[in-house]
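Chains X and A, in that order, are what the protein sequence lines are. Taking our numbering, the leading residue of the first sequence gets 1, the next gets one more, and so forth. Taking our numbering, the leading residue of the second sequence gets 1001, the next gets one more, and so forth.
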Amino acid sequence: MRWGSAVLAAMVAAAAGAGGAEAQGRPLSVSGANQLTFAAVFPGVPEMVSRTDAVNAGAFQVRGANTKEVLLTFTLPAMLSAAGGRSLPLQFGPNDGGWNTQNDLATARAFDPRVNLVVRTSQQGRLFLWLGGTALPSATQAAGAYTGTLTLTAAYTGN
Amino acid sequence: MRRTLGIGTALAMAALTLGPLVSWAVLVAPHAVFIDARTRTGLVYLINTGTSAEEITVETRFGYPDTDSAGGIFVRMIDEPPAEAPSAAGWIRPFPRRVVVQPGERQVIRLLAQPPAGLPEGEYWTRLVVTSRGAQVAVQGSDSVVRAGISLIVSTIISVTYRNGQVQTGIRLDEFRADDGGDSLVAWVGLTRQGNAAYLGTTWIRLRDAAGRVVREWETPTAVYYSLHRRFAFPLDSVPPGAYTAQLEVSTARSDLPAANILRAAPVEQSNPVEIR
């Protein structure tokens, strides 16, 4: 069954609880908007993507209740893996995360994606996150298809 | 074929990518579930607002908000809680636990509580961890090219509370201090829950000038399951230098939870002078 936006909004409101007219907390949702991309990787040469790189940085958006405190946790891969046990190490530093209540990369504030981030959503219930990082290919890095998993965990702090 | 790349072929290692493709996560509602001993059931809705199917798993884990030594808040998850812990993670079960939700569709998750016989009065807690996996990133490789992709996993954590018999809550203020932290008002608030149920309320910190006018006010939904020792940092923006009073109020007022599920308790207040430089 497909839901139009109005139906969806009504259904979300109804799903939020049995409180009737009482205001209910808007549920959280998190989305990925852009891949963190290492455009060119040279064997033996670390390749850094800045969180301010509008093209290559990872981008995420959080939607929730207006001006509410949200706990966000990245679980970052230490490496990507390929067939045959090959791996490509990754590194994330204290300034590789950026957050903003506006969708404005230039004015985003830095955070360390390796630790919890506790921030408030905007007046419209939005948060925007960006993620950079560094790939550390070895001098003998093999070609292939490397994969990994990035987990973003979200929760309100007040429950 | 495994092949080692030399510097000369480095450019072939292009387009190493990781991270999510555009993939809206599943929306989980409500963000707090309350179950009583009479009905022993609860409902959670999963709604896929995205454009691709989401594979979703639902699990219960014991956990609660806690603070670290720096005053930061986090959700403490305990996989094997001690016997005395008020954990409902072992006997509140979600159905189904695994589901694929197509774009634009919703799925109802039923929570069934099967508490042990003779469960003492009180409140029992678990977190519901809803994990969604979007479509896998297609990764294509060749002999001379490195390509990589990473799947985005999004976990949304909500609280589930089971109330058995008479429950009551309260709060004890252990500490309140506030200071000028430069560009922000830094406040430390220590709270310990009373009674046999979690304290779900709101913390207000107001900055009043010498005339008693509120020049800034900050509001934070607050849940105290055992105790919290939080550090808040609120932007002072254009607050002029001078002598102020930082006023703390913690009460069970909550606008985001059904009133029927709020356990009322007496508010606590304290005011301290603070100099903004």
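We put the CB at the ideal spot given by N, CA and C, even for glycine. All of these numbers come straight from a predicted model, not from anything done at the bench.
Would you say residue i and residue j are within 8 Å of each other, going by their C-beta atoms?
{"i": "L1263/A", "j": "A1197/A", "result": "yes"}
{"i": "R1231/A", "j": "A1053/A", "result": "no"}
{"i": "G64/X", "j": "T121/X", "result": "yes"}
{"i": "S1159/A", "j": "T1131/A", "result": "no"}
{"i": "G98/X", "j": "A82/X", "result": "no"}
{"i": "A1125/A", "j": "T1161/A", "result": "Correcting the residue type first, residue 1125/A is Trp in the shown sequence and not Ala. Result yes, Cβ atoms of W1125/A and T1161/A sit closer than 8 Å."}
{"i": "A1243/A", "j": "L1185/A", "result": "no"}
{"i": "T73/X", "j": "N56/X", "result": "no"}
{"i": "P1030/A", "j": "G158/X", "result": "no"}
{"i": "G148/X", "j": "M79/X", "result": "yes"}
{"i": "P110/X", "j": "N100/X", "result": "Note that residue 110/X is Ala in the sequence shown, not Pro. Contact: no."}
{"i": "A154/X", "j": "V45/X", "result": "no"}
{"i": "A91/X", "j": "G133/X", "result": "Note that residue 91/X is Gln in the sequence shown here, rather than Ala. A contact, by the Cβ cut-off of 8 Å."}
{"i": "R1193/A", "j": "I1157/A", "result": "no"}
{"i": "L150/X", "j": "L1152/A", "result": "yes"}
{"i": "V1058/A", "j": "I1109/A", "result": "yes"}
{"i": "A1088/A", "j": "L1257/A", "result": "no"}
{"i": "A1223/A", "j": "P1065/A", "result": "yes"}
{"i": "P1086/A", "j": "G1122/A", "result": "yes"}
{"i": "L1119/A", "j": "D1183/A", "result": "no"}
{"i": "G84/X", "j": "F60/X", "result": "no"}
{"i": "E69/X", "j": "V30/X", "result": "no"}
{"i": "S1238/A", "j": "L1191/A", "result": "no"}
{"i": "F1074/A", "j": "N116/X", "result": "yes"}
{"i": "R86/X", "j": "A135/X", "result": "no"}
{"i": "D1079/A", "j": "R1097/A", "result": "no"}
{"i": "T88/X", "j": "Y146/X", "result": "Residue identity differs from the one stated: residue 88/X is Leu in this sequence, not Thr. Closer than 8 Å, so yes."}
Counting only Cβ pairs nearer than 7 Å, list the residues of chain A close to residue i.
{"i": "G125/X", "result": "In chain order: nothing, as chain A lies at least about 12 Å away."}
{"i": "P27/X", "result": "L1027, V1028, A1029, P1030 and H1031"}
{"i": "T151/X", "result": "I1153 and S1155"}
{"i": "A65/X", "result": "D1256"}
By the criterion of Cβ-Cβ separation under 8 Å, what are the contact partners of residue i in chain X?
{"i": "R1085/A", "result": "Sequence check: residue 1085/A is Ala here, not Arg. Within 8 Å Cβ-Cβ: nothing; A1085/A doesn't reach chain X, min ~18 Å."}
{"i": "S1052/A", "result": "Going along chain X, no residue has its Cβ under 8 Å from S1052/A, so there is no contact; the nearest lies around 11 Å."}
{"i": "S1221/A", "result": "First, the amino acid is wrong: residue 1221/A is Pro here, not Ser. Chain X residues near P1221/A: K68, E69, Y156, T157, G158 and N159."}
Run through chain X and tell me which residues come within less than 7 Å of residue i, C-beta to C-beta.
{"i": "P1065/A", "result": "T157"}
{"i": "F1074/A", "result": "L71 and N116"}
Mind pulling the chain X residues with CB within less than 9 Å of residue i?
{"i": "V1058/A", "result": "Those within 9 Å of V1058/A in chain X number zero; the least Cβ separation is about 14 Å."}
{"i": "I1158/A", "result": "P27, L28, A155, Y156 and N159"}
Please find out if some non-hydrogen atom of the ligand ATP comes closer than 7 Å to the beta-carbon of residue i.
{"i": "L136/X", "result": "What this structure holds is no ligand at all, so the ligand ATP is not there to describe."}
Quick check on the DSSP output: the beta strand (DSSP E) that includes residue i runs from which residue to which?
{"i": "T1039/A", "result": "Segment: none, T1039/A is in no beta strand (DSSP E) and carries neither H nor E."}
{"i": "P1094/A", "result": "I1092 to F1095"}
{"i": "I1109/A", "result": "R1106 to A1113"}
{"i": "F92/X", "result": "F92/X -> no beta strand (DSSP E), and no H or E assigned at all."}
{"i": "R109/X", "result": "R109 to F111"}
{"i": "Y1244/A", "result": "G1242 to S1251"}
{"i": "F42/X", "result": "Unbroken run through F42/X: none, as it is neither H nor E."}
{"i": "V1239/A", "result": "Run containing V1239/A: none; DSSP gives neither H nor E here."}
{"i": "L76/X", "result": "From DSSP, L76/X is part of no beta strand (DSSP E); its letter is neither H nor E."}
{"i": "P1267/A", "result": "Per DSSP, P1267/A belongs to no beta strand (DSSP E) and is neither H nor E."}
{"i": "V49/X", "result": "E47 to V49"}
{"i": "S122/X", "result": "Careful: S122/X lies outside any beta strand (DSSP E) and carries neither H nor E."}
{"i": "V1167/A", "result": "Per DSSP, V1167/A belongs to no beta strand (DSSP E) and is neither H nor E."}
{"i": "Q61/X", "result": "G58 to R63"}
{"i": "E1123/A", "result": "G1122 to R1133"}
{"i": "T101/X", "result": "No beta strand (DSSP E) contains T101/X, which DSSP labels as neither H nor E."}
{"i": "S29/X", "result": "S29 to N34"}
{"i": "G144/X", "result": "G144 to Y156"}
{"i": "A1233/A", "result": "S1227 to P1235"}
{"i": "E1219/A", "result": "V1214 to V1224"}
{"i": "D1066/A", "result": "E1054 to T1067"}
Can you pull the chain A residues whose beta carbon is under 8 Å from the beta carbon of residue i, in chain order?
{"i": "A108/X", "result": "Simply none; closest approach about 16 Å."}
How close, in whole Å, do the beta carbons of residue i and residue j come, if the pair is a contact with beta carbons under 8 Å?
{"i": "V1268/A", "j": "L1173/A", "result": "4 Å"}
{"i": "P1241/A", "j": "R1277/A", "result": "6 Å"}
{"i": "R114/X", "j": "L76/X", "result": "7 Å"}
{"i": "P27/X", "j": "S138/X", "result": "That belief does not hold up - the Cβ atoms of P27/X and S138/X are roughly 44 Å apart, past 8 Å."}
{"i": "F1034/A", "j": "R1213/A", "result": "38 Å between Cβ atoms; not a contact."}
Exercise. Is the region 1203-1211 of chain A touching the region 1178-1195 of chain A in the sense that three or more CB pairs, one from each, lie closer than 8 Å?
Worked result: The region 1178-1195 of chain A makes contact with the region 1203-1211 of chain A; the number of CB pairs closer than 8 Å reaches 3 or more.
Exercise. If you pair each beta-carbon of the region 1030-1042 of chain A with each one of the region 1059-1078 of chain A, do three or more pairs fall below 8 Å?
Worked result: No: the two stretches stay apart, fewer than three of their Cβ pairs being nearer than 8 Å.
Exercise. Should the region 1107-1117 of chain A be regarded as contacting the region 123-130 of chain X, the criterion being three or more beta carbon pairs within less than 8 Å?
Worked result: Too few Cβ pairs lie closer than 8 Å, so no.
Exercise. Can we say the region 1042-1060 of chain A touches the region 1091-1107 of chain A, given the rule of at least three CB pairs closer than 8 Å?
Worked result: The region 1042-1060 of chain A, when compared against the region 1091-1107 of chain A, does touch it at the 8 Å Cβ threshold.
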